[in-house]
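To start, the structure under review is shown below, and the notes come after it.
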Ligand SMILES: Nc1ncnc2c1ncn2[C@@H]1O[C@H](COP(=O)(O)OP(=O)(O)O)[C@@H](O)[C@H]1O
Ligand SMILES: [Mg+2]
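Residue numbers (this note's numbering): 1 to 459.
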């Protein structure tokens with residue numbers, strides 16, 4: 001957009017200059033011709049006045065002061081002079097050749113001797129180029145006693161005109177350069193605030209609700225737009241915060257009655273001790289209660305993970321991996337599954353506090369859930385310069401590509417999953433990883449199971 005605006009502005013200026021300057025150049029040439037004409041005519045009359053007496057007396061040929069004047073004038077002004085008597089015979093001139101020459105065949109002298117001043121142009125055989133001339137009569141009273149012709153090569157006019165056009169072109173070029181500079185400043189003043197606003201919109205779209213546009217600079221319309229954007233972003237942030245707070249509070253509030261409910265069910269179990277059917281139903285009710293409890297805990301964990309106000313900190317991933325592997329070992333033992341942690345020492349990553357433990361726990365929980373007895377469960381760390389990968393690899397049945405893509409959705413659970421899950425584990429992992437600017441994906445592992453990969457940012 002910036003370049004198009006620039007092009008339009010400069011184009012308009014160039015067009016205006018062309019429309020203005022092309023006729024002006026022609027006009028300047030005409031003005032120059034008129035100026036030379038007027039000057040020569042004036043000078044011719046002055047010389048005619050000066051020669052009048054000598055021509056009247058017939059002593060012009062011998063008049064040394066007239067000859068000197070003509071020579072000086074011709075030399076200073078670069079103009080050829082020819083003065084003829086009433087018979088069109090040359091008497092004084094800037095050239096020797098004028099003296100005694102018969103000019104009666106030159107139309108300008110015929111006209112001038114008939115009492116009519118003339119101006120014009122004609123090719124000169126003597127000079128081999130176009131001549132610009134003025135011829136005026138020399139009058140003594142009413143009688144024409146001779147004529148004066150001043151002539152200059154046509155190139156004097158064209159050179160002067162070319163000079164003027166050059167000046168005009170220089171001015172036009174300077175105007176164009178100024179126009180370009182103004183256009184650049186103008187285009188930048190409009191497009192820069194727009195690109196800033198666009199950047200802010202992109203950031204908001206990427207989920208950064210704290211983004212605000214600069215509404216202090218730029219044209220008023222764009223400032224107003226930035227202001228509207230800011231109030232929209234502010235309102236959006238408030239709404240999201242309120243919703244999050246609601247989910248958190250609601251989950252929290254549900255905990256107490258749920259604990260009470262579980263207590264009552266346990267009491268009931270003691271009371272109906274001995275009734276097989278009722279005990280079975282009650283056991284199922286307890287399992288559902290436990291599941292509801294896990295779901296509420298999951299929702300609480302998710303709202304905490306969504307609170308992006310806390311930034312990532314440096315965490316010793318190697319230490320956490322070893323610690324969590326030890327923690328899960330007894331449960332894995334019970335199921336005859338072997339947990340194999342493998343990590344170099346001291347690998348550090350960026351993550352929000354407490355996130356790495358929860359991420360590993362959720363992934364190991366899922367992996368253990370699907371591991372058959374005798375299987376291995378690897379937890380490994382691969383450190384790169386910018387990215388550190390955490391792999392949790394199981395030897396379970398694996399997942400289809402569609403299920404792997406959906407597994408991070410909230411409350412989504414595979415069809416063959418155990419009854420205990422909430423469907424929130426991977427959603428929590430995703431949220432915690434994203435808070436540290438990382439990524440989480442499920443890949444098929446060569447052993448047939450799942451290779452859960454989390455990429456953390458290295459500090
Ligand atoms: N390692 C895995 N192998 C096979 N299926 C898995 C694995 N991890 C997750 N899943 C599937 O993804 C679903 C979602 O996982 P999750 O979000 O942790 O919820 P939950 O474990 O509570 O069911 C699980 O129900 C399960 O079907
Ligand atoms: Mg899970």
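Every residue, glycine too, gets a C-beta built ideally from N, C-alpha and C.
Nothing here was measured: the structure is a model prediction, and the numbers come from that model.
Close Cβ partners of residue i (< 8 Å) along its chain, the five nearest in sequence each way excluded
i, result
"residue 289", "258, 261, 262 and 265"
"residue 176", "10, 13, 14 and 17"
"residue 459", "314, 348, 349 and 350"
"residue 237", "209 and 210"
Residues near residue i in its chain [Cβ-Cβ closer than 6 Å; skip 5 each side]
i, result
"residue 449", "394, 395, 396 and 398"
"residue 172", "17 and 21"
"residue 324", "360"
"residue 430", "408 and 440"
Sheet register partners of residue i (DSSP bridge)
i, result
"residue 460", "Since the first and last residues shown for the chain are 1 and 459, residue 460 lies out of range."
"residue 431", "In DSSP, residue 431 forms no bridge with anything."
"residue 10", "Per DSSP, none; premise fails for residue 10."
"residue 443", "451"
"residue 118", "135"
"residue 89", "102"
"residue 400", "In the DSSP output, where bridge partners are listed per residue, residue 400 has none listed."
"residue 339", "377"
"residue 140", "143"
"residue 197", "Partner(s): none; residue 197 has no beta bridge."
"residue 393", "378 and 451"
"residue 33", "Per DSSP, none; premise fails for residue 33."
"residue 94", "DSSP, once it has assigned bridges, lists no residue as partnering residue 94."
"residue 356", "Paired residues: none, contrary to the question."
"residue 153", "131"
"residue 148", "83 and 136"
Length of the line joining the Cα atoms of residue i and residue j
i, j, result
"residue 382", "residue 185", "51 Å"
"residue 152", "residue 3", "52 Å"
"residue 181", "residue 409", "54 Å"
"residue 332", "residue 416", "20 Å"
"residue 27", "residue 135", "25 Å"
"residue 207", "residue 240", "11 Å"
"residue 229", "residue 218", "15 Å"
"residue 452", "residue 196", "38 Å"
"residue 251", "residue 422", "14 Å"
"residue 179", "residue 37", "38 Å"
"residue 444", "residue 364", "16 Å"
"residue 129", "residue 80", "14 Å"
"residue 407", "residue 359", "15 Å"
"residue 63", "residue 154", "31 Å"
"residue 165", "residue 213", "51 Å"
"residue 101", "residue 93", "10 Å"
"residue 234", "residue 388", "35 Å"
"residue 356", "residue 411", "21 Å"
Buried versus exposed call for residue i [16 or more other C-beta atoms within 10 Å across all chains shown]
i, result
"residue 312", "buried"
"residue 105", "exposed"
"residue 103", "buried"
"residue 401", "exposed"
"residue 65", "exposed"
"residue 30", "exposed"
"residue 287", "exposed"
"residue 67", "buried"
"residue 428", "buried"
Cβ neighbours of residue i in the same chain (closer than 7 Å, five flanking residues each side left out)
i, result
"residue 374", "336"
"residue 248", "300 and 303"
"residue 439", "433 and 455"
"residue 86", "113, 144, 145 and 146"
"residue 45", "136"
Which of helix, strand or coil DSSP assigns to residue i
i, result
"residue 58", "coil"
"residue 456", "strand"
"residue 414", "coil"
"residue 213", "coil"
"residue 316", "strand"
"residue 170", "helix"
"residue 372", "coil"
"residue 407", "coil"
"residue 206", "coil"
"residue 83", "strand"
"residue 387", "strand"
"residue 16", "helix"
"residue 347", "coil"
"residue 422", "coil"
"residue 178", "helix"
"residue 219", "coil"
"residue 248", "helix"
"residue 311", "coil"
"residue 227", "helix"
"residue 63", "coil"
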